[in-house]
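Encoded as structure tokens, the structure appears first; notes follow it.
Number of protein chains: 4
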Amino acid sequence: MALPRSGPVRSEAARLAILDAAVALFAERGYDHLTMEGIARRAGVGKQTIYRWWPSKGDVIAEAILEGRLLGNRRELPDTGDARTDLAAWLTDLFTLRASPEGEGLLHSLVAAAAGSAETGRRLRAEILAAPLNERLSQAMGGVTGPRLDAAADALVGAVILRALSREEFGGDDMLLLVDAIVGPPRH
Amino acid sequence: MALPRSGPVRSEAARLAILDAAVALFAERGYDHLTMEGIARRAGVGKQTIYRWWPSKGDVIAEAILEGRLLGNRRELPDTGDARTDLAAWLTDLFTLRASPEGEGLLHSLVAAAAGSAETGRRLRAEILAAPLNERLSQAMGGVTGPRLDAAADALVGAVILRALSREEFGGDDMLLLVDAIVGPPRH
Amino acid sequence: MALPRSGPVRSEAARLAILDAAVALFAERGYDHLTMEGIARRAGVGKQTIYRWWPSKGDVIAEAILEGRLLGNRRELPDTGDARTDLAAWLTDLFTLRASPEGEGLLHSLVAAAAGSAETGRRLRAEILAAPLNERLSQAMGGVTGPRLDAAADALVGAVILRALSREEFGGDDMLLLVDAIVGPPRH
Amino acid sequence: MALPRSGPVRSEAARLAILDAAVALFAERGYDHLTMEGIARRAGVGKQTIYRWWPSKGDVIAEAILEGRLLGNRRELPDTGDARTDLAAWLTDLFTLRASPEGEGLLHSLVAAAAGSAETGRRLRAEILAAPLNERLSQAMGGVTGPRLDAAADALVGAVILRALSREEFGGDDMLLLVDAIVGPPRH
DNA sequence: AATTAAACGAGACGGTACGTCTCGTCTTATT
DNA sequence: AATAAGACGAGACGTACCGTCTCGTTTAATT
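Protein chains in written order, with this note's numbering: chain A, 1101 to 1288; chain B, 1101 to 1288; chain C, 1101 to 1288; chain D, 1101 to 1288.
Written as structure tokens, this is what we have:
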């Protein structure tokens, strides 16, 4: 039971303004040009109001991910009936996140954020590996679940991240190859 | 034809002192506490001497990786005769890189460096996925080479990186499961 | 005619807690480390309770002076029969106010408070130049009163303040010399 | 003998810009609205450049006083032949320093600065009590010098400061009375 | 007794300034 | 010409207070 306390209550308007500002700046300039001061300025908020609720910029971003503000609808897989091509298409979409107009690319920024903040790391993986992927992947692998499925999901997404980090190109054929390597070759 | 030039030539002593200092600070405090100023101080070198030869701290680290100063002998796989357990052991070793005494863990720092610097990203993957891994993996997969082998290598290493980023635990059994998922189940 | 009003009246307990806290912090850390927030914290009082009754920290201190909490019994002169040495002793006592264990010295703090707040300035002079000094000084000067006496009193106290501000030393002999300069030389 | 050092030398342009800015802001807004940040902004200088050479705003102001930028020609006494009226006129001029267009008055600010900074206190007294006053005062008192003269000078200036602090009015007649009290009555 | 309204404690809010740290550039004297 | 040293303008860091503004609770005088 929470002990009641008098006094003003946390301002939801400020919270939203901060997350909005953080997301906008993150998209525009990337994670490591993101500053607490910049967020406060853009949000029209005192710095202390950010520090009061989040210990670091990483945790602000983590909360934004949790609310689905950074990945948008990228979490949902297409459904053409062919799980193999659906998975490849979704991975390609994830991969191309890395190229954003200015800044270092959203995917690199997410990875940088994850590297710097435990909470962001946890949430990023949880978001990306959300239900839709697991479900479809499980189907494609003949109903596998548990650690075996987790390993496959991590391998799929991890490979994409690794190639994005290395600035390797990754064509549609490569993506199909990757899916096959993990899901198994197409059955005739 | 090289145009002749008078005056002193680049100081190898300074170059080494800078790389040594960068590596030491990187290991002690992690990538994002690493500063140009700190490197110069520790190396006993003017800041300009760093800026003259490297555009950013990411590129200093990239050169250190290239010279094998950051991963040490972690590039070499054990050889017990059983490729499956050798690969799992090597991946576990890579994964445990993430826990360093202080700072954020070497693996997180390497990932942060890779996210922030194209050159570091390229070199990091090239280093980790060096010949030893490819060779052994190829053997374990029955002589596969080319894009098919690359996909498997990326999946293996990518999965480890993703779990490290998410601060997920990753036991020896999980690692074997992962290897099996990609290499294929153990043949009797 | 006061318009009648329901509701609680001003809390004397809060008023005293605030003045106590202000005096304690003033003595410990000096006028310019004194903060409204610190007073509220120490007094166990909401900030608004201070702002409701005083417009600034200077006015809180002014009220504390008015109630004799800052100068204590320093307002009273010794009485040895010899007005000349009594005055010198009292001035020396005032001067040594300037050396307090920590902080900038009570006298400097009082002067800073007076410089920053009109009300404090008025009260400080009124307090220091209170009846006892005027009476004794008048006697020593052969019954002079009015502007002539005021000028002498201001000269005496002002000289001490000026030397305190300049961190000049001021020995007992100097103090006698000062008294003589204003009161006139000792009559045989 | 100073040990030789390579590297850039202190920028005189920056030093002057800082002192100019400090003096301007001091005059416009008073000592306690004076901020390091404001000085840096106005001077077009990094904050570190101020902190590199002065530990506090008090010391910046102290240096400005030392260079005669704050009191201007107020240090010089008029010379009408009558020392008594010259002294009174000069004291009146000093007193009216306290009324500046906006802010708290230059004299209050100087006193606040002196209360907060030992160096400023020392320099302020040295500046105000400079040679011209001492010389004229000595003449008016029949050639007195040494501690006896110092006491008189401190009494004169101290009385003016005390009345300024207390926001007491101080007319020309009062000033003559003060001079007489210390210098002695006019000889016929 | 019930109503009403202000005083209270607590503390969140948008701000400003603090003093420190690092950035990348520029200026010295030395080698 | 490259170096070690480090001053410079710039600006972010995380903290401390400012003065204002809710909150929910407590306390009186008025109904």
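Glycine included, every Cβ here is placed at the ideal spot set by N, Cα and C.
How far does the alpha helix (DSSP H) with residue i in it reach, from first residue to last?
i: Gly1107(A); result: Segment: none, Gly1107(A) is in no alpha helix (DSSP H) and carries neither H nor E.
i: Gly1284(B); result: Per DSSP, Gly1284(B) belongs to no alpha helix (DSSP H) and is neither H nor E.
Between residue i and residue j, how many whole angstroms is the CB-CB distance? I'm expecting something under 8 Å.
i: Ala1264(C); j: Asp1274(D); result: That belief does not hold up - the Cβ atoms of Ala1264(C) and Asp1274(D) are roughly 24 Å apart, past 8 Å.
i: Pro1247(B); j: Leu1277(A); result: 6 Å
i: Ile1118(A); j: Ala1143(A); result: 5 Å
i: Arg1225(C); j: Leu1187(C); result: With 8 Å as the limit, Arg1225(C) and Leu1187(C) do not qualify as a contact, their Cβ atoms being about 17 Å apart.
i: Gly1258(D); j: Ser1209(D); result: The Cβ separation is near 18 Å, so there is no contact.
i: Ser1238(B); j: Leu1256(B); result: At roughly 12 Å, the Cβ-Cβ gap does not stay under 8 Å, so Ser1238(B) and Leu1256(B) are not in contact.
i: Leu1191(C); j: Arg1174(C); result: Leu1191(C) to Arg1174(C), Cβ: 11 Å. No contact.
i: Gly1158(B); j: Ala1213(B); result: 6 Å
i: Ala1218(B); j: Arg1267(A); result: 5 Å
i: Ile1261(D); j: Ile1261(C); result: 7 Å
i: Leu1134(D); j: Phe1126(D); result: 6 Å
i: Val1123(D); j: Arg1169(D); result: 5 Å
i: Leu1171(C); j: Glu1227(C); result: 6 Å
i: Ile1150(A); j: Ala1281(B); result: Wrong, their Cβ atoms sit about 42 Å apart, outside the cutoff.
i: Ala1230(D); j: Ala1215(C); result: Wrong, their Cβ atoms sit about 22 Å apart, outside the cutoff.
i: Ala1240(C); j: Arg1184(C); result: 6 Å
If we require 4 or more residues per run, which alpha helix (DSSP H) segments fall completely within the segment 1177-1246 of chain B? 1183-1196, 1206-1216, 1218-1228 and 1231-1240, all fully within the segment 1177-1246 of chain B.
Please list the segments of the alpha helix (DSSP H) lying wholly inside the segment 1127-1174 of chain B, counting only runs of 4 or more residues, in order along the chain. For the segment 1127-1174 of chain B, whole alpha helix (DSSP H) runs of length 4 or above, ordered along the chain, are 1136-1143, 1147-1153 and 1157-1166.
When you check each C-beta in the segment 1252-1263 of chain C against every C-beta of chain D, which residues fall closer than 8 Å? Cβ contacts with chain D: Ala1252, Asp1254, Ala1255, Leu1256, Val1257, Gly1258, Ala1259, Val1260, Ile1261, Leu1262 and Arg1263.
Residues, ordered as in the chain, of the segment 1229-1250 of chain B that lie near chain A by beta-carbon distance below 7 Å: Within the segment 1229-1250 of chain B, the qualifying residues are Pro1247 and Arg1248.
Anything in the segment 1131-1153 of chain A with a Cβ closer than 9 Å to a Cβ of chain B? List those residues in chain order, please. Within the segment 1131-1153 of chain A, the residues whose Cβ lies closer than 9 Å to some Cβ of chain B are Tyr1131 and Asp1132, listed in chain order.
Under 8 Å (Cβ pairs) to chain D, residues found in the segment 1211-1230 of chain C: Correct list: Val1211, Ala1212, Ala1214, Ala1215, Gly1216, Ala1218, Gly1221, Arg1222, Leu1224, Arg1225 and Ala1226.
Proximal residues, the segment 1101-1129 of chain D versus chain C, C-beta separation under 8 Å: When C-beta distances to chain C are compared with 8 Å, every residue of the segment 1101-1129 of chain D stays at or above that value.
Determine which residues of the segment 1158-1169 of chain C have a Cβ less than 8 Å from any Cβ of chain D, and write them out in chain order. Those residues of the segment 1158-1169 of chain C that come within reach of chain D (Cβ to Cβ, closer than 8 Å) do not exist; the list is empty.
Output needed in chain order: residues of the segment 1275-1286 of chain D with a Cβ under 7 Å from some Cβ in chain C. Within the segment 1275-1286 of chain D, the residues whose Cβ lies closer than 7 Å to any Cβ of chain C are, in chain order, Leu1277, Leu1278, Ala1281 and Ile1282.
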